[in-house]
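The block underneath contains the structure these notes are about, expressed in structure tokens.
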Amino acid sequence: MSFLVLILAIAGVVWGAVLALRGSPLLGCAVYLIVASCFSGYYWSVDAVGLTWSIDRFFMMFLLIAAVLQWRVGKCDVKGLTAADLLLGAFLALVLLRMFTSDWRTVGPDQDSTLIHFVNGYGIPLALLLVARHARLDQRALRGVYVALACFGVYLAVTAVAEGVHAWGFVFPKYIANPLLGT
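When you read off a place in the sequence shown, starting at 1, and then add 12, the result is the number in the numbering used here.
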């Protein structure tokens with residue numbers, strides 16, 4: 013069994029390297045939206061190194077590594093700063109200043125820390141913006157994004173109909189059917 017895990021790990025590293033160097037960062041951003049919607053911490057997570065790691069966070073880490081690798085080999089179009097970038101930077105600096113000047117370390121027993129809320133609410137969207145903004149735009153990459161988002165839309169529609177008629181067997185992932193997690 014451990015030999016099989018080793019073989020799968022080696023194959024995963026090889027395919028990960030191929031995708032990191034040859035894959036589309038735009039398609040990676042679209043796939044991240046799908047992965048984050050379906051495979052969040054409610055689906056699977058593990059606590060390691062003081063953090064909670066889930067499939068979507070592993071994928072974000074892979075996406076950022078792939079973007080840096082593609083930037084280093086010259087496959088990204090690095091764009092200059094605009095007024096919108098400076099305004100976004102000023103806003104994030106203001107939010108960080110506000111967070112660190114408040115009582116950001118005190119959390120309740122069933123609450124996430126303020127720092128985690130900052131990372132989830134501002135850090136991850138900023139990372140997606142940076143990856144997508146500096147990716148090369150071409151017809152093939154955009155077609156892949158359109159197909160991924162269209163398939164995700166069909167998945168969401170089927171899931172919504174299945175939830176509406178209480179056909180819980182067609183709802184994936186299963187934690188969506190948990191009334192304690194939904195709103």
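Positions of the beta carbon are idealized from the N, C-alpha and C atoms, including for glycine.
Item, Value
"Completely contained beta strand (DSSP E) runs for the segment 28-77, where each covers 3 or more residues", "57-60 and 63-66"
"Contact belief for L39 with A153 at Cβ below 8 Å, rounded distance in angstroms", "6 Å"
"Nearest-angstrom Cα separation, counted from L93 out to S66", "32 Å"
"Any 3 or more C-beta pairs closer than 8 Å across the segment 83-90 and the segment 127-138", "no"
"Euclidean distance between Cα positions of A174 and F164", "15 Å"
"The alpha helix (DSSP H) enclosing V159, as first and last residue numbers", "Q151 to G176"
"Cβ-Cβ distance between Y54 and Y158 below 8 Å", "no"
"Sequence-distant residues of its chain with Cβ nearer than 8 Å to L20 (five each side left out)", "none"
"Host alpha helix (DSSP H) of A105 (start-end)", "A95 to T113"
"Beta-carbon proximity list for L81, same chain, < 8 Å, skipping 5 on both sides", "A32 and L33"
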